[in-house]
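Read in order, the letters of the sequence shown are residues 1 to 405 in the UniProt record's numbering.
Virtual Cβ for every residue (Gly too), placed ideally from N, Cα, C.
Read through the structure below, which is laid out as structure tokens, and then see the notes.
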Amino acid sequence: MSFLAIAQSQALIGMFVTTDPVSTNRRNLLRATYKAANAKLAHEDQIDFMFVFGNAKTWSHSYELALEEMSFPHDTVITEREENLESGKNLDWLKYARNIMYTEHPTWKGKYCLRYRFIGKTDDDTVIHVARLSGKLKSLPINKSNYVGRDPPLQHHVKYMTGLLYLLSPDVVEWINFSPIPLQHLTGYEDIQVGVWLNEGKIPVNFVSDVLIHDLEESPWSYNARSTPKSLVIHWCKDPQRLFRCISDLYGTPPSIMNRLVSQKSIELHANRLQDLFPQLKNYHLSNGIRLVKEHSPALQVDAALLKLVIGPLFPRYYISDSVSDAEWLQILTHLAARIPWLREEPLHIGIWRAIAAMNIRSTPSSWERQVATKITERANNSTLTWEEVDQIRSSMIPSLPKNI
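Next comes the structure, spelled out in structure tokens:
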């Protein structure tokens with residue numbers, strides 16, 4: 001087949017989904033989010049998304065898939081292989097994508113154009129900033145076999161990109177489509193298997209890993225990080241609050257939503273959620289409401305304001321003897337707010353020292369935070385510390401942070 005290398009869009013990404021109600025809700029929200037984001041871009045900068053299901057395992061499941069395909073025929077893909085995570089769904093998707101990767105030239109008979117510069121895979125608990133990712137892809141050389149994503153700090157026996165998002169240039173997709181190697185290595189984590197295929201085939205790919213592709217900060221995985229205004233992709237958006245944070249951090253929060261989050265009703269609901277940990281919140285009232293700042297997730301700031309009512313009075317008595325600025329408070333409290341479930345599992349003082357350990361560092365593994373918190377606890381010995389004393393301990397532990405964060 002003769003084709004012309006004129007890409008019509010930056011990428012086609014298959015989102016792996018199921019008919020589970022939670023997946024369905026996320027899928028519908030992301031479909032709308034990406035449609036709105038693409039509408040603001042020139043056609044050649046857009047990223048197309050398709051929603052990839054495995055085949056039915058039950059009678060009722062077959063009708064759920066039928067309804068999905070009837071409702072969204074233009075972006076629904078159902079593989080022949082049954083729904084699975086570790087036995088070939090990604091290969092089915094890449095082969096399908098390869099077959100729609102080209103379009104016939106409108107005037108040159110027998111000539112074909114590339115429809116996409118990249119073919120990718122993502123999950124439904126991942127949120128992508130379409131314009132930023134498009135700009136990233138646009139900057140990459142077209143004369144290289146590109147493999148784009150985020151390589152984890154702790155690699156397995158082969159180099160690979162994590163399954164939250166990876167993208168391959170068309171020549172790599174062509175090789176995967178025709179090579180017998182992928183069929184020989186289907187079983188296992190799908191992201192690692194892509195690395196296995198390329199390693200077995202000795203394909204000289206250009207690995208493009210970006211730390212702006214990351215998990216939410218509280219994720220247990222080693223590529224967690226605080227989001228920034230430059231974040232490309234955020235993963236681990238597994239429940240409604242976290243999905244809201246991912247979308248809000250990447251695309252912003254409309255003023256009407258900000259107002260709803262700081263309404264008295266919303267504050268009461270947040271307080272009710274925290275009262276099993278901090279019963280004293282029943283007796284507290286935020287008389288001046290909450291003023292949100294753009295630099296931090298609005299969802300975390302509501303919990304942070306409530307946590308300050310409880311934790312604030314403890315600081316000069318048990319933690320920091322120096323004054324604490326508003327910016328320092330916000331870092332400490334939003335760190336705690338993102339990790340409410342962990343506060344149920346470990347002593348409060350460890351959670352607070354963990355938050356202090358993580359200050360001004362974008363990515364801090366929980367294991368490292370706990371190591372620093374333990375050292376600070378030993379140094380404090382039931383007394384307070386100055387910021388200088390805390391910084392000495394933190395500085396001594398910085399070399400033990402993973403490098404690829």
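Leu300 is positioned such that its CB atom lies closer than 8 Å to that of Ala337.
Ser134 sits in a helix when the DSSP states are folded into three classes.
Assigned with DSSP and collapsed to three states, Gln8 falls in coil, not helix or strand.
Across the set Ser62, Arg132, Gly14 and Thr18, the C-alpha of Arg132 shows the shortest separation from the C-alpha of Leu41. Short of 7 Å from the beta carbon of Glu174, and not among the five residues preceding or following it, lie these beta carbons of its own chain, in chain order: Arg98. Of the candidates Ile78, Phe315 and Pro298, the residue whose Cα lies closest to the Cα of Pro254 is Pro298.
In the structure shown, the three-state DSSP call for Thr122 is strand.
Spatial neighbours of Leu243 in its own chain (CB-CB distance under 8 Å, excluding positions within 5 residues in sequence) are listed in chain order as Arg26, Leu29, Asp125, Val127 and Cys237. For Arg81, the uninterrupted beta strand (DSSP E) segment begins and ends at Thr76 to Glu82. Taking C-beta atoms as the reference points, Glu68 and Thr19 count as a pair closer than 8 Å. Using a Cβ distance threshold of 8 Å, Tyr147 and Phe207 count as a contacting pair. The segment 362-378 makes contact with the segment 394-404; the number of CB pairs closer than 8 Å reaches 3 or more. When the Cα atoms are used, Ser323 and Ser222 turn out to be separated by approximately 33 Å. Cβ contact annotation for Thr162 (same chain, cutoff 6 Å, sequence separation greater than five): Arg150, Pro152 and Asp191, in chain order. Listed in chain order, the non-local C-beta contacts of Ser23 below 7 Å within the same chain comprise Val17 and Asp124, local neighbours out to five positions each way being set aside. Of the candidates Leu330, Gln184 and Arg273, the residue whose Cα lies closest to the Cα of Val293 is Leu330.
Rounded to whole angstroms, the separation of the alpha carbons of Val77 and Leu164 is 19 Å. Bounds of the beta strand (DSSP E) holding Gly54 are Ile47 to Asn55. Taking His43 as the centre and dropping the five residues before and after it, the same chain places the C-beta of Gln8 and Ser9 closer than 8 Å to its C-beta, in chain order. For Thr33, the three-state secondary structure derived from DSSP is helix. Membership of Gly149 in the beta strand (DSSP E) is indicated by the continuous run Asn146 to Gly149. Here Leu232 is buried. Its C-beta has 16 or more other C-beta atoms within 10 Å. Here Arg317 carries a helix assignment [DSSP, helix/strand/coil]. The DSSP-derived three-state label of Met15 is strand. Shown here, Cys113 sits in a strand according to DSSP, grouped into three states.
The alpha-carbon separation between Leu261 and Asn224 amounts to approximately 25 Å. Sixteen is the threshold: since fewer than 16 other Cβ atoms of the shown chains lie within 10 Å of the Cβ of Ile257, the residue is exposed. With fewer than 16 other CB atoms across the displayed protein chains lying within 10 angstroms of its CB, Asn283 is exposed. Rounded to the nearest whole angstrom, the C-alpha separation of Phe118 and Ile13 is 8 Å. Short of 6 Å from the beta carbon of Glu200, and not among the five residues preceding or following it, lie these beta carbons of its own chain, in chain order: Ile181.
By the neighbour-count criterion, in which a residue is buried when 16 or more other Cβ atoms sit within 10 angstroms of its Cβ, Met70 is exposed.
For Phe278, there is no enclosing alpha helix (DSSP H), as DSSP marks it with neither H nor E.
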